[in-house]
Structure formats: structure tokens, C-alpha cells
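Numbering (my numbering), first residue to last: -1 to 1012. Beta carbons are placed, not taken as given, at the ideal position from N, Cα and C, and that holds for glycine. On a predicted model such as this, the values are computed, not experimentally measured, just so you know.
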């Protein structure tokens, strides 16, 4: 990584923009950053760190995401900005960062906070810059990846703080471990330690959980093994979760509990067998008593039923006689049904006949069925002869309708003829008016086209006039800028010539600054230089002259740009003026040479208004043509309607004469057919009604005669059937009949009495029942009590046996689960033992770790050994071969070992602590340690080359010889193309180091002055 250029604006103590050219400073290999206390030397390094990482080291970052980085000396409207140009990994980049700041509000009073901004650009082969990103996160990730270092590593490796490394030399192992941990990022090894400790705690908790589960199962087995509520005699193992051997003890205890439970189960089986035998005997005795009681009750019940049957014997005989008479009457039932049907049919026929005769005239009251039928046939024949008269009457109605329709048509045609005649009278006038409208619209369209052709040029002249007025003001401003640029170019040219003259006057001192004893002079060739010219106050060097020349060239470029801008504005003004003048040929165009905008605007408005009016009038052309076409079509239609009406009038006259002749003929025919009625239809309706009534009456009379004959025959058959069945009259037979419900009820009563009588006789004849009735009464409650007592004893024995069986099953299940838990817990316990051993080893607490060295300390010890070896190379050179840094892994006090650092004194041959070094020795030892650490961290970070380093303070503690040796070591860094910036107050360094960056402080803020070393 090499720094090229740094620009600081309103940052820290710097109120204005400061540019630092590291390429110029790094040309000599070593450059000095000096200035009074509080001027801002460290702020330059903070700016480099802020540009790379977006924050500054330590507490200087403050709070508020960098709000405190803004300079108190900066103008109110100037924003804080840091821009760094550097090369890293072969890529030239430019990083610009702006922290958040409270700027004044654009409207109103007060301030508003703007967010931080960042830019990352990369140089292109063409010499330009390409934007890469504006995201804080993306830029941070890109820079960290390219550098391979965090901010803390960068501050320790590139910005070497000597005070920190002096404390590092004297620090104990814990303090060294913290610093080395930040630099080498050994968090992954600490994470391994933490991970192993967490795994140990996790596996230990899992093992304890498994042991707790085993103990819980043991408690459950103890509860299951309890006999009649009493705890088991064998106590549980007196062990806690996590104790070794717990699983074996629990398994042994479970085996003993299972044996006791099986013994109690065998005893319960024997008790259950005895109870089952006693209960069976009691049940047999209870069955015998119940059977005796049942037979005795059965015999007594049969005697009671026999007594009830004897009391109902007379009723039973009456039911049997009533049922017998009903069976005889059933033989007469069909004849009774036929006679009732014939009587009902005859009654309905007589009623229908009376109703039909009631609707006939009195002349047919006594007529028979045959006479009524003959009268109906006569009326039907007369009705058939009225068909032709009906058709004639209908035709006469149609003729009347046709005559009415002819009248309506005649009135409509008269109306059409009058309307057409009135419209045709005004036809010539209407056509003339429409043609006049068309001609007027055509003239307006021609005028609108002519005005449109003049309107666009007028608008163009108006736009040109407005552009001309604007360009007049721009030309005046450009003229002022061109004049200012010419004056500035002349001034810078004079300044450059004056500085060049001053440099030529003092060129001897500038050449003398590069003279070396023994080397030939570039002017005279002499190798001795007894009295070289010294630079005086106000000496002008090459950089100042080149800066003045660059300022003059920039002023010339500004003058050229201003003159080019003036020329462009003047050319645009001439073009706009010519366009505003126009051709001047229009009749209503302004006649002056340079017309004003108001005049042109008024002319454009007048042309626009006239064009709009002409366009509005011309818009009626199409409508006028359409109106004329519609009027001509209407004229043709009216003439055609008038002619068609005349033709229909002639046709109607001929048709009316034919209808008159047909009407006279039909009226004569209908007068004969109507007779006394008003119309043929009325006469036909009268005959139809008379025919229907006569036909209905004839049918009803015939039906009544027929049903009377059938009723007479049914009476004869019924009398004969009743006599044969044994009844005196048909009425007696009808009274003896029973309906189905009464017949079923009577038969059911008879059958029930007979069945009951048979059942009672059967029970009284049973031998067992008769024998039981002769025995003493049965004692059923005593037998039932005995059986219940035996049942309770059996249930108690079964419950005891079941409880013992469940106890054995539960113990077996819990024992199996305990065995399975023990099997699953075995690999977990082995894993816990392994993890606990490894965690203790990495944490330094294990007895196997004799030096009590943690894993992170072990890794840092290896890194510290590399740092000590790299630092020794430079320390031997700085101390003239006297001192060597060595790494020690001995324990110090009660602390842990691995991060000890000693110095070997070659003069005494003894190894001693670094705290015994003097102030100057501590400085160059810490400097050697810092440089060695930079090399190791660089290699650790992936080999990123660090071409620019900064060393902060400590040189004041060295004598002249040691200072020369230290500077030689630093100067040797140029062999690796490195440049080293020394931050120091030592005045002697300003004489020894020619390339300097001075920070000057003042009441208005600090500034930098740069002096190259070439």
C-alpha cells in the first residue's frame, strides 16, 4: 500500500482545504511530520485512517457517528471532507468521505443534519477515473479485503504508536495477549475455547439430565413396588445426577424390586384360586334356593289363574254364540252389498234425470227418453244448415273493416299530399340559402390557410426576440467574466515572472543544497566545497516556481474559456437579432429594424385571433354541404310521396265499388238466415244449447229406467239368501254381521281364555312344581347374602392379583426404560468425558497442560516468537549488535505462561526483562518491535505490501550516535521501496531529514507546509 495524495477540508484543526503530496514526501524515503503541540500532526494520520475505514482511532472518534470530526475553524457553509489517493494491490484508488454535519437550513433559521457520504473511484488506463461505489458498507468491505487488515491492525502496523509498544515491552502476559489478539485476530481460537467450554457445559447438562431421568424412573419403580401403600423395604441408591456409577446402582436396585414383586404376585394367585372355589359353591347353593322359590311361586300363581278362569266361564259362552251367528250372516253379506250398491245407483240416476228435465221447457216435462232423443236430432239438423250463413256474416264484417281501412288510407294520403305541397313551395328559397352558406365557409377556409402561413413566422420572430433580450444580458455578464479572466491571467503571469527571477537570483543556494563532499559540483566540477551558498529567508524553490507557472497556465485556460464563452454568446445574440428582424414583408409586421417583444407579441396575438375566427367560420363548410345534401334527398322523397298518394287514390275508388256490390248480396242472404234472432250467431247458439239439453235429458231418462230394474232384481236375491242362512228377514241377517275389528276382538278374547285354561292345567300337572309346593318355603335372602359375601372376597382377591400383575408389568417397563436410558447415556457420558478433557486442556486448567497455557495464548506465543525474530534483525543494528529480543514461555507468578518477552544483552551474555531497558533503549527496542510486528502482520494479512509507514514520537530520548543508527535502519527501508514518516518534535531531526511536512497552527485554524527532499 502506497499513499499518493491527501486532501483535508474542515477536518480537526484544519479549517480550510489542505493538500498533502505523499509522492513528493516519499521520494527521499524518510520524511518528517513536525509542528507545535496541538497543531494537528496526529490529525493528519487520523484523516488517513478516516479515509480508509470511516472512523478515527480510539476516543477521538467521539459520538454521533463522526459529528465531532468537523473543524471548529471551518466556515459555516463548508462541509467536512477527506480525500485520499493510494495504490493497493496494484490498483490506484481514490476514497472520499464526508462525515455527517449540521448545515444551515436553506429556508428559515436553524440547522439540519445531512447524512455521511462516501465515494470510491479507480484510475483507468486512459487517465480518467471510474466510479466504483457510493455505499459505506461496500467501500469498507472492498478496502478491508484489499488491505487485509482491520482498523486496529492498520493503526498498529502503519501508524506505529511508539508509546503503545513501549508499554507492550513492559506489559504482563495478559496485556500483551489483548494487543496481539487484536492484531492477529485470534478470535477464532478464543471461539474454539469458548465452543469447547459450551460443549462441556452442554454435555454435562445432558448427562445430568440423563441421570436425573434414571433417578426419576427409580422413584417411579419405588412407588410401583409399594405393597398396600407401604414403601418398599429396599432404599434407593444415595447418589446425585452426574455421580459415577449411578446407572449401575439403579439397575441393581431395579432387579431386586422386580424379584419381590414377582413373589407377591405368586401369593395373590393362590388367594384368588381359593376365593374362586368358595364363590362357586355359594353360587350353586343360591341357584338351588332360587329354583325352589320359583317353582313354589309358579304353583301359587297357577291356582290364582284357575280361580279367575272359573269366574269368567259364562262370559266365554256368550262370546262363542255371538261369533257363531256372525259366521252365518257372512253368507248373506254379498247379497246385502249388491242390494245397497243398486239402491245407491238408482238414487243417483233419479236425481240426475230430475235435474236434466228441470232445464227443459214445460212441453218436454212428460216426454219419454225416445221422444227427447228425437227432438235433439231435429235441432242438430237445423244447426248444421246455418254454416253458410255464418260465413256470409263474417265476410260482411270483413267488408266493413276494409271500407274503414280505405277511409283511413284516404285521410293519410290527403295529409301527405298537403304536407308535400307546402314543403315544395319553399324549396327554391331553402336551396339558395344553403348554397350561400357553402360559399361563405369556403371563403373563410381560404383566409384561414393564408393567416396560418403568416402566424408561424410571426411566432418564430417573437421567440427570437425573447432569446435576443436574454442573450444581451448573458453577453454583458460574459464580457465582465472575460475581462476579469484577462486581468487575472496578466496578474499570474507577472507573479510567475517575479518568482522565476527570484529563483534564478538564489539558484546557487539551491544547487549548493545538493553538494556532497568528494562529489563533483554540477556547475564547476570541483570536489571540494568550502563555502557553499546558504538559502536565505524567502528563498524561492522549484516547487514554488512550478506552482506559480501552473497557476498562470490555469489562468490562461480560464481566460481562453471566458473568451470562447463570450464569442459563443455574441454569435448566438447576432443570430437571434437577425431572426427577430425577419423579412419585414408582412402587411401587419412591425416596420422598425429591431422590433420590441411587446410589438411582436401584439402582432402574433392579432394574427392568432384572426386565424381563429376564420377557422371557426370555415368549420361550418362540411355541415353546410351535409345540410344541402339532406335537403335534396328530402325534396326527392316529398315528390315521390306525392305521386304515390295519387296512385293509391285511384286504386281505392275501384276497390270501394266492388265492395259495395258484394255487401248488397250478402245482406239479402243473411236476412233469410237470421229469422227472429238478431244474428246468425245468436240463432246458432240457441240451437246448440237446445240440442245439448235434449240429449242430456234423454240419456238421464234411460239411465233411471235401467237402475230401477237392477234394484228390483237385487231385492229378490237378498230375500232368498237370508232365508237359506236361517234368518227370518234380511234385516236380521244385517244386524248379525260383525265388522273386521269387532270380529278380531271377539276371536282374540275366546282364544286367550282357552290358552290360559290350557296353560294353568299344564302348570298344575307338572311333577316338580307339585313336589316343590309340598316342601317348606325357600329362604332366598339368606342364600343371596352368602353369595354376595363370597363374591366380595373373590373381587378382593382378583384386585390384589391384578395389582400385583400391574406392579410387575410396571416394574418390567420401567426397568426396560432404565436399561435403554443407560444404553443411550453411555456414548453421551463418553462424549462428555472427552469434551471435558479437551476443554480443560484448551483453557489451561487441565493437569495435562503443565504451563497452564490457553489455546489462544499458544497461538499468540507463536506469533510473538515470529515478531521477536523479525524485531531482533533491526534491534541488533540499532544497538550495534548488543541486544536481541527473545520469546519466553515461562510462567510469571500465578499467571499463565506463553507471552513472555526478554532481551539478551550480548555484553553480559545474560537474559533480562525488557523493563530494565533505559528510556532510549526502550525506544529503539519498541521501534524494532513495531517494525517487526508490521512485517509479521503484513505476512499474516496475505502479503499486502506496506510502502508507507508512520512512526509517532520517541526520538528525543536517543543520543546522536543511536539516533544515526536508528535513522540508518529506517533509511534501509528504502531498499524495499518503502517510505517512513516520522512524527516528532525533535529539532535535530529537521536538520537531518530534508523532506518535511510542517503543521502550523493559528487562531484561524491549522495549515500544512510541505518541503520535498529532492
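field: Where the alpha helix (DSSP H) through residue 297 begins and ends
entry: On the chain shown, residue 297 is found 299 positions in, with the first residue counted as 1. Here the alpha helix (DSSP H) through residue 297 covers 244 to 309.
query: How big is the Cα-Cα spacing for residue 142 and residue 45?
result: Position 144 of the chain shown, counted from the start, is the residue given in the question as residue 142. Position 47 of the chain shown, counted from the start, is the residue given in the question as residue 45. Roughly 17 Å between the two C-alpha positions.
- prompt: Just the Cα atoms here: how many angstroms apart are residue 538 and residue 95?
  reply: Within the chain shown, the letter at position 540 stands for residue 538. Within the chain shown, the letter at position 97 stands for residue 95. In a straight line, the C-alpha of residue 538 is about 35 Å away from that of residue 95.
message: What does the alpha-carbon distance come out to for the pair residue 52 and residue 93?
response: On the chain shown, residue 52 is found 54 positions in, with the first residue counted as 1. On the chain shown, residue 93 is found 95 positions in, with the first residue counted as 1. The straight-line gap from Cα to Cα measures roughly 10 Å.
message: Which residues does DSSP list as the beta-bridge partners of residue 80?
response: Here the question's residue 80 lines up with position 82 in the chain shown. In the DSSP output, where bridge partners are listed per residue, residue 80 has 6 and 95.
query: So residue 616 packs on residue 446, CB below 8 Å; how close in whole Å?
result: As a position in the chain shown, residue 616 is number 618, starting the count at 1. As a position in the chain shown, residue 446 is number 448, starting the count at 1. Going by Cβ atoms, the distance from residue 616 to residue 446 rounds to 5 Å, so yes, they are a contact pair.
query: Roughly how many angstroms separate the alpha carbons of residue 926 and residue 493, rounded to a whole number?
result: As a position in the chain shown, residue 926 is number 928, starting the count at 1. As a position in the chain shown, residue 493 is number 495, starting the count at 1. C-alpha separation (whole angstroms): 48 Å.
query: Going by other Cβ atoms of all chains shown within 10 Å of its Cβ, with 16 needed for buried, is residue 376 buried or exposed?
result: The sequence position of residue 376 within the chain shown is 378, counting from 1. Exposed.
message: Just list the residues that DSSP pairs residue 28 with in beta bridges.
response: Within the chain shown, residue 28 is the residue found at index 30, counting from 1. Answer is 978, bridged to residue 28.
field: Inter-residue CB distance, residue 460 and residue 602 (contact presumed, cutoff 8 Å)
entry: Here residue 460 is taken as the residue at index 462 of the chain shown, counted from 1. Here residue 602 is taken as the residue at index 604 of the chain shown, counted from 1. That pair is a contact at about 5 Å.
message: Would you call the segment 975 to 990 in contact with the segment 28 to 45, where contact means no fewer than 3 C-beta pairs closer than 8 Å?
response: yes
task: Whole angstroms is fine: what's the gap from residue 221's alpha carbon to residue 215's?
output: Along the chain shown, one-based indexing puts residue 221 at 223. Along the chain shown, one-based indexing puts residue 215 at 217. Rounded to whole angstroms, residue 221 to residue 215 spans 10 Å at the Cα level.
field: One or two residues paired with residue 109 in a DSSP bridge
entry: Counting from one through the chain shown, the residue named residue 109 turns up at place 111. In DSSP, residue 109 forms a bridge with 102.
- request: Could you check how far apart the C-beta atoms of residue 813 and residue 257 are, in whole angstroms? I think they sit under 8 Å.
  value: Within the chain shown, residue 813 is the residue found at index 815, counting from 1. Within the chain shown, residue 257 is the residue found at index 259, counting from 1. In fact, because the Cβ distance is near 11 Å, the residues do not count as touching under 8 Å.
query: Skipping 5 residues on each side, what residues in its chain have a beta carbon closer than 8 Å to that of residue 263?
result: On the chain shown, residue 263 is found 265 positions in, with the first residue counted as 1. Only 799, 802, 803, 805 and 806 meet the Cβ criterion.
message: I need the DSSP call for residue 432, collapsed to helix, strand or coil.
response: Translated into positions along the chain shown, residue 432 becomes position 434. Three-state DSSP puts residue 432 in a helix.
task: Tell me, please, which residues DSSP counts as bridged to residue 17.
output: The sequence position of residue 17 within the chain shown is 19, counting from 1. The partner list for residue 17 (beta bridge, DSSP) reads 5.
- prompt: Buried or exposed: residue 265, going by 16 or more other Cβ atoms within 10 Å of its Cβ?
  reply: Stepping through the chain shown from its first residue, residue 265 is reached at position 267. Exposed, because fewer than 16 other Cβ atoms sit within 10 Å of the Cβ of residue 265.
- prompt: The beta strand (DSSP E) with residue 1008 in it runs from where to where?
  reply: On the chain shown, residue 1008 is found 1010 positions in, with the first residue counted as 1. 1005 to 1009 is the extent of the beta strand (DSSP E) around residue 1008.
field: Integer Cβ distance of residue 705 from residue 343, believed to fall under 8 Å
entry: Stepping through the chain shown from its first residue, residue 705 is reached at position 707. Stepping through the chain shown from its first residue, residue 343 is reached at position 345. Yes, they are in contact, since the Cβ atoms of residue 705 and residue 343 sit about 5 Å apart, within 8 Å.
message: Rounded to the nearest angstrom, what separates residue 290 and residue 328 at their Cα positions?
response: Here residue 290 is taken as the residue at index 292 of the chain shown, counted from 1. Here residue 328 is taken as the residue at index 330 of the chain shown, counted from 1. So the alpha carbons of these two residues sit roughly 52 Å apart.
field: Coil, strand or helix - residue 1015 by DSSP
entry: Because the chain is modelled from -1 through 1012, residue 1015 falls outside the range shown and cannot be assessed.
query: Measuring CA to CA, which of 236, 782, 905 and 33 is closest to residue 878?
result: Within the chain shown, residue 878 is the residue found at index 880, counting from 1. Of the listed residues, the one whose Cα sits closest to residue 878 is 905.
- prompt: Straight-line CA distance for residue 941 to residue 560?
  reply: If you number the chain shown from 1, residue 941 lands on position 943. If you number the chain shown from 1, residue 560 lands on position 562. Reliability fails at residue 941, whose pLDDT of 47 lies under 50, so the model's placement of it is uncertain and the value that follows must be treated cautiously. Computed Cα separation, rounded: 51 Å.
- request: Measure the Cβ-Cβ separation of residue 690 and residue 367 and say whether it is below 9 Å.
  value: For the purposes of this step, residue 690 is taken as residue 692 along the chain shown, with counting starting at 1. For the purposes of this step, residue 367 is taken as residue 369 along the chain shown, with counting starting at 1. It is not a contact, given that the beta carbons lie outside the stated cut-off.
- request: For residue 646, I'd like the list of residues in its chain whose CB is within less than 8 Å of its CB, leaving aside the five on either flank, ordered along the chain.
  value: Stepping through the chain shown from its first residue, residue 646 is reached at position 648. Around residue 646: 407 and 411.
message: Using a 10 Å radius around the Cβ and a threshold of 16 neighbouring Cβ atoms, would you call residue 123 buried or exposed?
response: To locate residue 123, count along the chain shown from 1; it is residue 125. Residue 123 comes out exposed.
- prompt: Applying the criterion that 16 or more other CB atoms from any shown protein chain within 10 Å of the CB defines a buried residue, is residue 153 buried or exposed?
  reply: As a position in the chain shown, residue 153 is number 155, starting the count at 1. With 16 or more other Cβ atoms within 10 Å, it is buried.
8 Å contact criterion, which residue 433 and residue 626 should meet: CB distance rounded: In the chain shown, residue 433 corresponds to position 435, counting from 1. In the chain shown, residue 626 corresponds to position 628, counting from 1. Contact holds; Cβ gap of about 7 Å.
query: Thinking just about the alpha-carbon of each residue, which of 945, 314, 187 and 135 is nearest to the one in residue 841?
result: What you label residue 841 is simply residue 843 of the chain shown in a count that begins at 1. It is 187 whose Cα lies nearest to the Cα of residue 841.
- request: Label residue 280 either buried or exposed according to how many other C-beta atoms from any shown protein chain fall within 10 Å of its C-beta, with 16 as the threshold for buried.
  value: On the chain shown, position 282 is the one that residue 280 refers to. Flag for residue 280 reads buried.
field: Endpoints, alpha helix (DSSP H) assigned at residue 872
entry: In the chain shown, the residue the question calls residue 872 occupies position 874. Segment 853 to 876, the alpha helix (DSSP H) holding residue 872.
task: Provide the residue span of the alpha helix (DSSP H) that contains residue 205, from first to last.
output: Position 207 of the chain shown, counted from the start, is the residue given in the question as residue 205. 185 to 222 is the span of the alpha helix (DSSP H), which, as asked, contains residue 205.
Under the three-state DSSP convention, the category residue 885 falls into: Reading the chain shown from its first residue, position 887 is the one you call residue 885. Strand at residue 885.
message: Please report the distance separating the alpha-carbon of residue 1020 from that of residue 693.
response: Because the chain here runs from -1 to 1012, residue 1020 falls outside it and cannot be looked at.
query: Is residue 501 near residue 543, with beta carbons less than 9 Å apart?
result: The count along the chain shown starts at 1 and reaches residue 501 at position 503. The count along the chain shown starts at 1 and reaches residue 543 at position 545. Going by C-beta atoms, residue 501 is nearer than 9 Å to residue 543.
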